[in-house]
Amino acid sequence: LAKTTQPISMDSYEGQEVNITCSHNNIATNDYITWYQQFPSQGPRFIIQGYKTKVTNEVASLFIPADRKSSTLSLPRVSLSDTAVYYCLVGLNQAGTALIFGKGTTLSVSS
Amino acid sequence: GAVVSQHPSWVICKSGTSVKIECRSLDFQATTMFWYRQFPKQSLMLMATSNEGSKATYEQGVEKDKFLINHASLTLSTLTVTSAHPEDSSFYICSARLPGQGNSPLHFGNGTRLTVT
């Protein structure tokens with residue numbers, strides 16, 4: 002399973018755009034990149050996933066360069082409620098396949 | 030809405046007793062479920078893969094006789110912490126994928142906070 006590296010922590014202010022980059026140099030051909038958000042005492046919540054180029058949904062965008070060795074989660078105009086731990090996971094999104102969590106990035110949003 | 034449900038959300042037990050945690054897939058059948066454990070200020074650690082109708086697969090270092098997993102139906106997996114001790118106090122989280130999709134992300138339950146006194 003591909004190992005991921007993220008910044009341990011990031012700070013931001015309300016209304017700013019936040020970009021969290023994840024490195025996954027040994028990503029395999031069939032691996033997908035998935036990002037999760039976790040609040041204290043809750044299970045991780047799916048944010049977005051992608052394979053290549055750019056993916057956008059109602060809460061975030063995911064940018065993946067052509068070599069797929071990294072990815073960037075972009076959160077537009079963060080609010081205080083976006084304070085959480087964000088995990089980047091790389092692996093097969095197939096039945097029977099678990100995902101291994103790295104250390105994640107603790108995002109702190111201030112007013 | 031939630032696709033994976035856990036029960037209970039928190040439990041306190043005395044040292045030496047056993048505790049059962051349930052993980053249910055809502056409105057879908059999950060032949061495979063995954064159990065994770067998370068200690069304070071740490072990341073999630075995969076404990077085991079629960080397979081319906083067969084034995085669970087445990088990660089290295091996880092005692093299968095201590096953490097009993099039963100996946101008796103396609104919508105329910107249970108994790109029983111036997112003879113619990115204070116060091117087993119942790120946040121236990123299960124997950125599953127929606128079936129029938131070639132690319133399906135993991136969906137997680139809301140976790141169970143276990144405190145052993």
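These protein sequence lines map, in sequence, to chains A and B.
Taking the working numbering, the leading residue of the first sequence gets 2, the next gets one more, and so forth.
Taking the working numbering, the leading residue of the second sequence gets 30, the next gets one more, and so forth.
Heads up, the beta-carbon is just placed ideally off N, CA and C, and yes, glycines get one too.
**Report entry** Segment contact flag, the segment 69 to 79 of chain A with the segment 33 to 46 of chain B, C-beta cutoff 8 angstroms, min 3 pairs
**Finding:** no
Query raised in the report: Would the segment 91 to 98 of chain B and the segment 127 to 139 of chain B be scored as touching if the rule is three or more Cβ pairs under 8 angstroms?
Result: no
**Report entry** Residues bridged to A:Phe64 (per DSSP)
**Finding:** A:Lys55, A:Thr73
Query raised in the report: To the nearest whole angstrom, what separates the beta carbons of A:Gly44 and B:Asn139, a pair I think is in contact under 8 angstroms?
Result: 5 angstroms
Requested in this report: Give every residue of the same chain whose Cβ lies closer than 6 angstroms to the Cβ of A:Asn26, excluding the five residues on either side of it in the sequence, and list them in chain order.
Outcome: Lys70
Report task. Check whether the Cβ atoms of A:Asn94 and B:Ser106 lie closer than 8 angstroms to each other. Result -> no
**Report entry** Test item: CB-CB of A:Val91 and A:Gly105 under 8 angstroms
**Finding:** no
Query raised in the report: Can you tell me whether DSSP reads A:Asp12 as helix, strand or coil?
Result: strand
Report task. Specify the secondary structure class of A:Leu81 as computed by DSSP and reduced to three states. Result -> helix
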